[in-house]
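Chemist: Sequence lines, in order, name chains A and B.
If you're matching positions, the first sequence starts at 3 in the numbering used here and goes up one per residue.
If you're matching positions, the second sequence starts at 3 in the numbering used here and goes up one per residue.
Below are the structure tokens for one structure; questions will follow.
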Amino acid sequence: MKGWIAFWNIFIKDIRTYYLKPPNISWGLIFPLSWTGMFFIRSGAGLESIPEVLPGVTALSVLFGTTSMLAVTITFEKKNRTFERLLLAPISLELLMLAKTAGAILFGIANGFAPLILAGFAADLSGLDPVIFFLGLVMVAVVSAFLGLFVAVAVQEVFEAQTLSNFFRFPMMFLCGFFFPIEKLPVFLRPLSYVLPMTYGVDILRGAVHGGNKMAYGLSFLVLGAFCVGLFFKSIGNVRRNWII
Amino acid sequence: MAPIIEANNLRKSFGDVEAVADISFRIEKGELFGFLGPNGAGKTTTIKMLTGLARPDGGTLYLGGIDCTDDPKAAQHLIGVVPDESNLYPELTGLENLCFCAALYGMDKSRRQARARELLDSFGLAQAADRKFGSYSKGMKRKLAIAAGIIHRPAILFLDEPTTGIDVLSARQIRQLIAELHRLGTTIFLTTHYIEEAERLCERIAFIVSGRIVRIDSIEHLLQSVQGKHMMEISWANPLAHGENLAQAFPELTVETLLPGTIRIESDEPIHVGVLVRFLEEQGGHVLEARRIQPSLEDVFINITGIKGESMRNEGGRGA
């Protein structure tokens, strides 16, 4: 119970201190809006193309939103030593890191709803499976948050976190099957697509929006779950090794 | 009775640098223990090991009877920590910071609000309770950091350089707060490089130099080691007249130049002031003052470590 009081208060503090700040709210809206507009213009197609671009835009909005925020909330707190206060609290490292990522996950889910709501005004989304979409969105937000955590605990400075994040984000953006279908990628790049979590996230969302998923939902959820567990525990291990010196 | 802190042969290295080399000590419940040494001596590394922020390379560590050697977090519920920098959240108010710190220890909302208000009152910060921490002065930040360290009423409080870099008045208030916490029964582990502060507050002191404890004893016993010494300070108006000549003329005396025109003389035998004053006047120095001084902990520290107290004071900036 005591651990959960700490969890809840860390979560609420982060939401108030970081995520509800006007620049982050505007980031959460402007970024998906820009992505949607860019792809809509680029496709040259009519409004009927929106369901095609919606899964990718949603996944990338979540990915960029969560990873950027965690670089600030963790790396910045490590830098100014407020994170040391959290490490001194009598709660497990696992619970502490879940508390620190919970805000980013919620922020990511909210980010993901922004393109959906915008698309709902402009296109027919009657084929959308809301349950699968929500579950897929949650998994994309969780895996993105844990990827952000993995990056944040691997660096010392906020700018290093942003740089390292891009090392993961941009390959994922181009290889996850959103810009180019995976089967049209050069043969040597295709295996790389299948070791990126966003490939599975985009596929779930694609299936939820218009039934165009290439892989079974069960497989995609399983792979995303494995990425979540792996990234989370690898990050915890890095904190134990590098921060508890 | 079992000690509340027991460290045996603790070691910690960073690469080739041996930060802490085989230190051992025991601290009893309710004791105010000072850990004194120059910057880089290993004080902060020792505190980090004791509080779970660093893992010892070797040795054993018990806090409140709990073995923390392999599990640094095992006894964190027993301890409060005030680090050498006031690391609270600048965007939260004083009250919010204290309530947040209390929540980290699992205190429910009504208890943490009441405790935070109580501490803000007793630390003289009630007027600033709703101001953001970032707008506090250094002294206020330090006081709030101490309040945050004791919000959950820890059995052991670790204070790392609590008065470094703050003004004289705030430093005095903080020393009073530390003395009051000690009076109320909190075990306090205090690191400082202000020798006078350690002498004024602590019951026992460990001197640490280059990662090794060179002496642990009570203030009383440490001072006894210099009780038989005769010491005096002489100042003269013409700083061009050198005190070194005096050391050559009176080899039985130990002469230390404190400032140009001010020397400290130490001897095992009574010092004949008149002879020394005459000698300095003949050397061209116009003696302004010659006064006997009582040996202090600083003299003990110099005797044991060979490090001058002045250099310790200079490390911390202006002595508070």
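All C-beta atoms in this analysis are idealised placements derived from N, C-alpha and C, irrespective of residue type, glycine included.
Between the C-alpha atoms of residue 107(A) and residue 140(A), what's the straight-line distance to the nearest angstrom?
Modeler: As a position in the first sequence, residue 107(A) is number 105, starting the count at 1. As a position in the first sequence, residue 140(A) is number 138, starting the count at 1. About 8 angstroms.
Chemist: Taking 8 angstroms as the threshold (beta carbon to beta carbon), is residue 102(B) in contact with chain A?
Modeler: Numbered from 1 along the second sequence, position 100 holds the residue referred to as residue 102(B). With 8 angstroms as the cut-off, residue 102(B) counts as an interface residue toward chain A.
Chemist: Counting only runs that start and end within the region 8–38 of chain B, where is the beta strand (DSSP E) found for 3 or more residues in a row?
Modeler: The region 8–38 of chain B contains these whole beta strand (DSSP E) runs: 19–29 and 34–38.
Chemist: Nearest to residue 277(B) by CA position, among 263(B), 270(B), 264(B) and 292(B), is which residue?
Modeler: The residue labelled residue 277(B) in the question sits at position 275 within the second sequence. It is 292(B).
Chemist: Sorted by chain position, which residues of the same chain lie with C-beta nearer than 6 angstroms to residue 212(A)'s C-beta, five sequence neighbours on each side aside?
Modeler: Counting from 1 along the first sequence, the entry for residue 212(A) is found at position 210. If we look at residue 212(A) and ignore the five residues flanking it on each side, its Cβ neighbours are 53 and 129.
Chemist: For the putative contact between residue 160(A) and residue 77(A), defined by C-beta atoms under 8 angstroms, what is the C-beta separation to the nearest angstrom?
Modeler: Walking along the first sequence from the start, residue 160(A) turns up at place 158. Walking along the first sequence from the start, residue 77(A) turns up at place 75. Between residue 77(A) and residue 160(A) the Cβ distance is about 5 angstroms, and since that is below 8 angstroms, they are a contact.
Chemist: Check the DSSP bridge columns for residue 64(B) and list the partner residues they point to.
Modeler: Taking the first residue of the second sequence as position 1, residue 64(B) is located at position 62. Answer is 8(B) and 69(B), bridged to residue 64(B).
Chemist: Quick check on residue 105(A): buried or exposed, where buried means 16 or more other Cβ atoms within 10 Å of its Cβ?
Modeler: Within the first sequence, the letter at position 103 stands for residue 105(A). Residue 105(A) is buried by the Cβ-count criterion.
Chemist: Using 8 angstroms as the limit for Cβ to Cβ distance, is residue 75(B) near chain A?
Modeler: Locating residue 75(B) in the second sequence gives position 73, counting from the first residue. Chain A, which has a Cβ nearer than 8 angstroms to the Cβ of residue 75(B), makes this yes.
Chemist: Where does residue 191(B) fall in DSSP's three states?
Modeler: Counting from 1 along the second sequence, the entry for residue 191(B) is found at position 189. In this structure, residue 191(B) counts as strand in the three-state DSSP scheme.
Chemist: Just the Cα atoms here: how many angstroms apart are residue 140(B) and residue 46(B)?
Modeler: What you label residue 140(B) is simply residue 138 of the second sequence in a count that begins at 1. What you label residue 46(B) is simply residue 44 of the second sequence in a count that begins at 1. Residue 140(B) and residue 46(B): Cα-Cα distance of roughly 20 angstroms.
Chemist: Using the C-alpha atoms, what's the distance from residue 14(A) back to residue 37(A)?
Modeler: In the first sequence, counting from the first residue as 1, residue 37(A) sits at position 35. In the first sequence, counting from the first residue as 1, residue 14(A) sits at position 12. So the alpha carbons of these two residues sit roughly 29 angstroms apart.
Chemist: Going along the chain, which residues of its own chain have a beta-carbon closer than 8 angstroms to the beta-carbon of residue 10(B), five neighbours each way excluded?
Modeler: Translated into positions along the second sequence, residue 10(B) becomes position 8. Here the set comprises 26, 61, 62 and 63.
Chemist: List the whole-angstrom C-beta distance separating residue 84(B) from residue 161(B), where the pair is believed to meet the contact cut-off of C-beta under 8 angstroms.
Modeler: By one-based count along the second sequence, residue 84(B) stands at place 82. By one-based count along the second sequence, residue 161(B) stands at place 159. Sure, about 5 angstroms apart at Cβ, within 8 angstroms.
Chemist: How would you write the range of the beta strand (DSSP E) that residue 51(A) sits in, first residue to last?
Modeler: Against the first sequence, residue 51(A) aligns to sequence position 49. From DSSP, residue 51(A) is part of no beta strand (DSSP E); its letter is neither H nor E.
Chemist: Would you mind telling me which residues of chain A sit closer than 8 angstroms to residue 146(B), beta carbon to beta carbon, in chain order?
Modeler: As a first step, residue 146(B) is located in the second sequence; it is residue number 144 there, counting from the start. Those do not exist, as residue 146(B) stays about 12 angstroms from chain A at its closest Cβ, beyond 8 angstroms.
Chemist: At the level of alpha carbons, what is the spacing between residue 210(A) and residue 127(A)?
Modeler: Taking the first sequence and counting its residues from 1, one reaches residue 210(A) at position 208. Taking the first sequence and counting its residues from 1, one reaches residue 127(A) at position 125. Going from the Cα of residue 210(A) to the Cα of residue 127(A) covers about 10 angstroms.
Chemist: Check whether the region 183–191 of chain B and the region 213–226 of chain B are in contact - that is, three or more C-beta pairs closer than 8 angstroms.
Modeler: The answer is no - the region 213–226 of chain B does not touch the region 183–191 of chain B, with fewer than three Cβ pairs under 8 angstroms.
Chemist: Can you list, in chain order, the residues of its chain whose CB lies under 7 angstroms from that of residue 272(B), leaving out five sequence neighbours each side?
Modeler: The residue labelled residue 272(B) in the question sits at position 270 within the second sequence. 232.
Chemist: Quick check: is the beta carbon of residue 91(A) nearer than 8 angstroms to any beta carbon in chain B?
Modeler: By one-based count along the first sequence, residue 91(A) stands at place 89. True, the Cβ-Cβ gap to chain B drops below 8 angstroms.
Chemist: I'd like the ranges of any alpha helix (DSSP H) spanning at least 4 consecutive residues and lying wholly in the region 58–145 of chain B.
Modeler: Complete alpha helix (DSSP H) runs here, min 4: 96–106 and 111–124.
Chemist: Leaving out five residues on either side along the sequence, give the residues of the same chain with a beta carbon under 8 angstroms from the beta carbon of residue 319(B).
Modeler: Translated into the one-based positions of the second sequence, residue 319(B) becomes position 317. Because the pLDDT at residue 319(B) is just 41, under 50, the model does not fix this residue reliably, and the value given afterwards should be weighed accordingly. Cβ neighbours of residue 319(B) beyond the five flanking positions: 166 and 167.
Chemist: Should the region 178–189 of chain A be regarded as contacting the region 109–117 of chain A, the criterion being three or more beta carbon pairs within less than 8 angstroms?
Modeler: No contact exists between the region 178–189 of chain A and the region 109–117 of chain A.
Chemist: Take residue 62(A) as the anchor and find which of 233(A), 208(A) and 214(A) has the nearest alpha-carbon.
Modeler: In the first sequence, residue 62(A) corresponds to position 60, counting from 1. Measuring from the Cα of residue 62(A), the nearest candidate turns out to be 208(A).
Chemist: In chain order, what residues of the same chain lie with their CB nearer than 7 angstroms to the CB of residue 15(B), ignoring the 5 residues before and after it?
Modeler: Along the second sequence, read from residue 1 onward, the residue named residue 15(B) stands at position 13. Excluding sequence neighbours, residue 15(B) sits near 21 and 59.
Chemist: Name the one or two DSSP bridge partners that residue 257(B) has.
Modeler: Your numbering for residue 257(B) matches position 255 in the second sequence. According to DSSP, which records beta bridges pairwise, residue 257(B) is partnered with 267(B).
Chemist: Would residue 171(A) be called buried (16 or more neighbouring beta carbons within 10 Å of its own) or exposed?
Modeler: Here residue 171(A) corresponds to residue number 169 of the first sequence, with the count starting at 1. The residue is buried, with at least 16 neighbouring Cβ atoms inside 10 Å.
Chemist: Please state whether DSSP places residue 318(B) in a helix, a strand or coil.
Modeler: On the second sequence, residue 318(B) is found 316 positions in, with the first residue counted as 1. Caution applies to residue 318(B), whose pLDDT of 49 falls short of 50 and renders its modelled position unreliable; the value that the coordinates give is listed next. Correct three-state label for residue 318(B): coil.
Chemist: Anyone know if the C-beta pair for residue 195(A) and residue 179(A) falls short of 8 angstroms?
Modeler: Within the first sequence, the letter at position 193 stands for residue 195(A). Within the first sequence, the letter at position 177 stands for residue 179(A). Closer than 8 angstroms, so yes.
Chemist: At what residues does the beta strand (DSSP E) containing residue 208(B) begin and finish?
Modeler: The residue labelled residue 208(B) in the question sits at position 206 within the second sequence. Start and end: 206–211.
Chemist: Once you ignore the five residues that flank residue 122(B) on each side, which residues in its own chain have a CB closer than 6 angstroms to its CB?
Modeler: The sequence position of residue 122(B) within the second sequence is 120, counting from 1. Cβ neighbours of residue 122(B) beyond the five flanking positions: 128 and 131.
Chemist: Select from 204(B), 116(B) and 280(B) the residue whose C-alpha is nearest the C-alpha of residue 221(B).
Modeler: For the purposes of this step, residue 221(B) is taken as residue 219 along the second sequence, with counting starting at 1. Ranking the options by Cα distance to residue 221(B), first place goes to 204(B).
Chemist: Taking C-beta to C-beta, are residue 55(B) and residue 7(B) nearer than 8 angstroms?
Modeler: Start at 1 with the first residue of the second sequence, and residue 55(B) comes out as number 53. Start at 1 with the first residue of the second sequence, and residue 7(B) comes out as number 5. No, they are not a contact pair.
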